[in-house]
Amino acid sequence: MNQLLLQQDTSKELADFAHIKEFAYKKNTTIQLNSFNVGPMDCIGIYYVLEGKHNWVIGATEHTLYPGDIAVILPGENFGGKNNILNIGSLMWVKLNVQNHRQLIGDWSQLSKKERNALEQILSVNKDLLVLNIKEAQSLFFDLKYELQNAEVGFCTRITQLLDHLFIIICRQLIRQNHSRRDFPTTFLRLEQTLRQNLARQWTVEEMAAFAGMGTTAFTEKVKNYSGFSPLNYLINLRITEAIKLLKRNEVNVTDIALAIGFYSSQHFSTTFKKLTGYTPSEFRKNNIQTNNLQP
1 MNQLLLQQDT
11 SKELADFAHI
21 KEFAYKKNTT
31 IQLNSFNVGP
41 MDCIGIYYVL
51 EGKHNWVIGA
61 TEHTLYPGDI
71 AVILPGENFG
81 GKNNILNIGS
91 LMWVKLNVQN
101 HRQLIGDWSQ
111 LSKKERNALE
121 QILSVNKDLL
131 VLNIKEAQSL
141 FFDLKYELQN
151 AEVGFCTRIT
161 QLLDHLFIII
171 CRQLIRQNHS
181 RRDFPTTFLR
191 LEQTLRQNLA
201 RQWTVEEMAA
211 FAGMGTTAFT
221 EKVKNYSGFS
231 PLNYLINLRI
241 TEAIKLLKRN
251 EVNVTDIALA
261 IGFYSSQHFS
271 TTFKKLTGYT
281 PSEFRKNNIQ
291 TNNLQP
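Reminder that position 115 of the sequence shown reads as 115 in full-length UniProt numbering, one-by-one numbering, no gaps.
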């Protein structure tokens with residue numbers, strides 16, 4: 001089978017696909033030293049192993065991949081061969097340009113905006129788990145190769161559908177894999193830790209569910225059964241708990257506290273805080289300071 005390397009701006013096959021930076025099929029018959037250097041990815045790369053054993057660095061972790069394995073490398077992640085070596089074997093890959101690191105799937109996609117956002121969230125919050133075994137991806141890569149090389153009627157639509165399908169099967173497999181290796185209490189504790197460390201972020205239920213590797217409906221039910229709260233109400237409780245800690249430090253401005261823990265404004269924070277504690281933030285701070293001053 002002929003090897004193939006298509007690159008944007010130099011390959012006529014990609015003239016209609018500004019979002020495809022590179023598509024390649026490579027068969028390597030010898031170990032190549034200093035030819036696969038580790039460096040940051042400036043796009044999203046999806047690599048599929050056809051043959052061989054490949055030792056790669058992805059992010060800060062070393063991975064060993066075998067036939068049927070797929071690796072998704074997000075923008076900004078380090079990627080390359082361990083010790084900069086390209087191993088013997090066959091690979092196919094596609095690199096896709098991104099508009100920004102949060103919008104991984106561009107407007108070229110035929111998926112709805114809601115579906116794209118869900119897939120992007122699953123990829124982003126599970127970025128350390130994006131090495132998967134997905135043998136069915138092989139046929140998608142060869143179909144992409146065929147469509148790009150032959151440009152038959154309808155090939156633009158077909159290529160878009162194949163790329164969408166590739167993202168879908170990656171995210172579905174990621175969720176299934178997460179389900180099989182995680183019990184929910186452990187996942188919940190990991191999620192809570194992440195939420196506490198990123199309270200300023202405007203978390204959605206979809207993002208939290210993606211972190212847990214679950215669909216939103218199943219995730220919401222699990223959280224309610226486990227904590228007694230809906231996911232968003234649980235997040236609000238975490239924010240108020242943190243606010244109580246910060247309000248005990250008189251030097252921290254109430255507005256700064258509100259923004260630091262994810263509220264849109266001090267008024268929104270004050271209303272929510274009073275609803276859950278019976279005090280406004282200022283009243284709570286005043287009472288707390290007076291109590292502390294009375295203590296010996």
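Beta carbons are placed, not taken as given, at the ideal position from N, Cα and C, and that holds for glycine. In this text the structure is predicted, and so the values were computed from the model without any measurement.
Per the DSSP secondary-structure output, Val-153 pairs with nothing in a beta bridge.
If you check the CB distance, Glu-147 and Phe-155 come in under 8 Å. Under the three-state reduction of DSSP, Ile-58 is assigned to strand. Of the candidates Leu-162, Thr-61, Lys-222, Thr-61 places its Cα closest to the Cα of Leu-129. Each residue's CA atom was taken as its position, placing Leu-50 and Gln-138 some 8 Å apart.
Within the UniProt domain "HTH araC/xylS-type" (189-287), the alpha helix (DSSP H) runs of at least 4 residues that lie entirely inside it are, in chain order, 205-212, 216-227, 231-247, 254-260, 266-277. With respect to Leu-199, Ile-261 sits close: the two C-beta atoms are nearer than 8 Å. Assigned with DSSP and collapsed to three states, Glu-120 falls in helix. The alpha-carbon of Ile-73 is positioned some 41 Å away from that of Gln-267. Val-49: member of the beta strand (DSSP E) spanning 44-52, first to last residue. Within the model, the alpha-carbon separation for Lys-286 versus Thr-280 is close to 10 Å. Counting C-beta pairs closer than 8 Å gives fewer than three between the segment 30-38 and the segment 99-117, which falls short of the contact rule. Scanning its chain for C-beta atoms nearer than 6 Å, with the 5 sequence neighbours on each side dropped, one finds around Asn-55 the residues Thr-64, Lys-82, in chain order. Of the candidates Val-38, Tyr-66, Ile-170, Leu-163, the residue whose Cα lies closest to the Cα of Ile-20 is Leu-163.
Excluding its 5 nearest sequence neighbours in each direction, Leu-246 has C-beta neighbours in its own chain below 7 Å: Val-252, Ile-257, listed in chain order. If you check the CB distance, Ile-46 and Val-94 come in under 8 Å. By the CB criterion at 8 Å, Ile-134 and Ile-70 fall inside the cutoff.
Ranked by how close their Cα comes to the Cα of Val-131, the residues Asn-37, Val-57, Ile-236 have Val-57 in first place.
Residue pairing for Thr-64: DSSP places it in a beta bridge opposite Asn-55.
Looking at the DSSP output, Ile-175 shares a beta bridge with no other residue.
Taking the CA atoms as reference points, Lys-275 sits about 11 Å from Ile-236.
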